[in-house]
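Number of protein chains: 2
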Amino acid sequence: MIDGPKVDGRKARGEKKRRAIVEATLRVIERDGIAGVTHRSVAREAGVPTTAPTYYFATLDDLLIATLLWSAEELCDDMLRIVASGGSAREIARSIARAVDENRGRTLAEYELYLLAGRRPELKAAARRWLDLAVEAVRPADPVAFRAFLAAVDGLLIQGLIADVAPGEDELEPIVSFLLRDCDDFTAAARGG
Amino acid sequence: MIDGPKVDGRKARGEKKRRAIVEATLRVIERDGIAGVTHRSVAREAGVPTTAPTYYFATLDDLLIATLLWSAEELCDDMLRIVASGGSAREIARSIARAVDENRGRTLAEYELYLLAGRRPELKAAARRWLDLAVEAVRPADPVAFRAFLAAVDGLLIQGLIADVAPGEDELEPIVSFLLRDCDDFTAAARGG
DNA sequence: AAACTTGTGGAACACTCGTTCAGGTAGTTG
DNA sequence: CAACTACCTGAACGAGTGTTCCACAAGTTT
Numbered sequence: 006m007i008d009g010p011k012v013d014g015r016k017a018r019g020e021k022k023r024r025a026i027v028e029a030t031l032r033v034i035e036r037d038g039i040a041g042v043t044h045r046s047v048a049r050e051a052g053v054p055t056t057a058p059t060y061y062f063a064t065l066d067d068l069l070i071a072t073l074l075w076s077a078e079e080l081c082d083d084m085l086r087i088v089a090s091g092g093s094a095r096e097i098a099r100s101i102a103r104a105v106d107e108n109r110g111r112t113l114a115e116y117e118l119y120l121l122a123g124r125r126p127e128l129k130a131a132a133r134r135w136l137d138l139a140v141e142a143v144r145p146a147d148p149v150a151f152r153a154f155l156a157a158v159d160g161l162l163i164q165g166l167i168a169d170v171a172p173g174e175d176e177l178e179p180i181v182s183f184l185l186r187d188c189d190d191f192t193a194a195a196r197g198g
Numbered sequence: 006m007i008d009g010p011k012v013d014g015r016k017a018r019g020e021k022k023r024r025a026i027v028e029a030t031l032r033v034i035e036r037d038g039i040a041g042v043t044h045r046s047v048a049r050e051a052g053v054p055t056t057a058p059t060y061y062f063a064t065l066d067d068l069l070i071a072t073l074l075w076s077a078e079e080l081c082d083d084m085l086r087i088v089a090s091g092g093s094a095r096e097i098a099r100s101i102a103r104a105v106d107e108n109r110g111r112t113l114a115e116y117e118l119y120l121l122a123g124r125r126p127e128l129k130a131a132a133r134r135w136l137d138l139a140v141e142a143v144r145p146a147d148p149v150a151f152r153a154f155l156a157a158v159d160g161l162l163i164q165g166l167i168a169d170v171a172p173g174e175d176e177l178e179p180i181v182s183f184l185l186r187d188c189d190d191f192t193a194a195a196r197g198g
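From first to last, the protein sequence lines are chains A and U.
Here the first sequence is numbered in the numbering used here, starting from 6 and rising by one per residue.
Here the second sequence is numbered in the numbering used here, starting from 6 and rising by one per residue.
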């Protein structure tokens, strides 16, 4: 045989545990922020020995980077699903409302990635991923309007996180509508593409 | 005399040192982020003994909170100056361009405050301060358009922080113009009020 | 000048952290 | 079943942390 298709059971388990550690790290970030991520806290969360994270990731930074890259990947999938599903103002407003309420922890984690990327250039690409993907998917007729729209979504999210009560779908809908008022071609382009 | 106008020289020096510690803390945050704030790093930066920050602030959290409240205050002054000085699209674009380039550290610090506020309710008011102030100062005719505008400014700032090269004034100006296209009354109201 | 208050700072404690390392264990191969 | 290999982990080390404590200095009041 050209290449052994027989997988080493040891390596398979290793990969599984590796992913479990990354998932546990994301849970820790959602709960306590990046500040709460230590080898020990991650190990506790994942139910693995203290030294396991060190074994799988050379350094704590590597673990953080792996987690945030994976998180960005997941978020892009969500984003694409929303865009692909039509992307009306109502649906976008609902997504934002969910992001700052039910998925609050996750959204906070995402913005911690933003800030971390601000200080670590190697993370910039991951942090910007959903933006690049949005531009790619939509190919807007009016780039200026689209950039304004994307900026406003970011702003609504982050401002929603520090509101006394999280803004609801109904409160957000008119704002999103305003931003999209003569840009309905966004969604048409997304559907067509 | 009803009340001793004579100030205690000891307390005066104390207050001075207290403020020096807060300022040093802000410099540390701008350079290394909130993660880099420790009693010792702040003491080094301020040129005071290790135990000075503990003496003036019961806990590290108190120091952080004091620093961020003060920082928010300063930022509000800046904001008001921009609004009061006319607030054309060009000027706003220039402010944003500066915030993500020359004042990059400061802007990063400001968004770390946002995120911290997301996890600590007692900081929410401070984080939202410039927003509330903007609404108060402008009293927009179209609240929806104005909220969209404020959200977009936040988004442009945070996205500017994670761009490979920080966006310049010329790149931002059309976006700001777009957001203001039928809201010139913002600035008129600000000037008038 | 004596008594008193307030600010000051070096030493030290208990703790948590990231990381190392040698030994052990599970899976594979002959 | 024995030899081998790759994965795994408990114990431990050194570094850095927040905070406490107490002796001391500086300033104020009587």
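For glycine and all other residues, C-beta sits at the position ideal for the given N, C-alpha and C.
For this session: Can you grab the Cα-Cα spacing for the pair Thr30 (chain A) / Leu120 (chain U), in whole Å?
Result: 18 angstroms
Exercise. What is the DSSP secondary structure of Asp147 (chain U), reduced to helix, strand or coil?
Worked result: If DSSP states are grouped into helix, strand and coil, Asp147 (chain U) belongs with coil.
For this session: Kindly indicate if chain A contains any beta-carbon less than 8 angstroms away from that of Arg134 (chain U).
Result: No, no contact with chain A.
Exercise. DSSP on Asp13 (chain U), reduced to helix/strand/coil?
Worked result: coil
For this session: Kindly provide the ranges of any alpha helix (DSSP H) runs that are 4 or more residues long and lie completely inside the region 150 to 180 of chain A, ordered along the chain.
Result: none
Problem set entry | Whole alpha helix (DSSP H) elements within the region 11 to 49 of chain U, 4-residue minimum | 14 to 37
Exercise. Does Arg124 (chain A) come within less than 8 angstroms of chain U when only Cβ atoms are used?
Worked result: yes
For this session: Could you confirm whether any beta carbon from chain A is found closer than 8 angstroms to the beta carbon of Gly160 (chain U)?
Result: yes
Exercise. Could one say the Cβ of Ala153 (chain U) lies closer than 8 angstroms to chain A's Cβ atoms, at least one of them?
Worked result: Proximity of Ala153 (chain U) to chain A, defined by a Cβ-Cβ separation below 8 angstroms, is satisfied.
Exercise. Between His44 (chain U) and the rest of its own chain, which residues show a CB-CB distance below 7 angstroms, the 5 nearest in sequence each way excluded?
Worked result: Thr55, Pro58, Thr59 and Leu65
Exercise. Is DSSP giving Arg109 (chain U) helix, strand or coil here?
Worked result: Assigned with DSSP and collapsed to three states, Arg109 (chain U) falls in helix.
Exercise. If you compare alpha carbons, which of A:Ile167, A:Trp75, A:Ala153 and A:Phe154 is closest to Lys129 (chain U)?
Worked result: Of the listed residues, the one whose Cα sits closest to Lys129 (chain U) is A:Ile167.
Exercise. Can you tell me the Cα-Cα spacing of Arg125 (chain A) and Ala48 (chain A), whole angstroms?
Worked result: The straight-line gap from Cα to Cα measures roughly 25 angstroms.
Problem set entry | Continuous alpha helix (DSSP H) assignments of at least 4 residues falling wholly in the region 69 to 146 of chain U | 94 to 104, 109 to 124 and 129 to 143
Exercise. Can you tell me whether Ser100 (chain A) is buried or exposed, with buried defined as 16 or more other CB within 10 angstroms of its CB?
Worked result: buried
Problem set entry | Nearest residue (CA-CA) to Ile87 (chain U), options U:Val42, U:Ala139 and U:Ala17 | U:Ala139
Exercise. With a cut-off of 8 angstroms, does the C-beta of Ile163 (chain U) fall near any C-beta of chain A?
Worked result: yes
For this session: Please check if any C-beta of chain U sits within less than 8 angstroms of the C-beta of Pro54 (chain A).
Result: At least 8 angstroms separates the CB of Pro54 (chain A) from every CB of chain U.
Problem set entry | Per-residue burial, Ser76 (chain A) [other beta carbons within 10 Å of its own, 16 or more giving buried] | Label assigned to Ser76 (chain A): buried.
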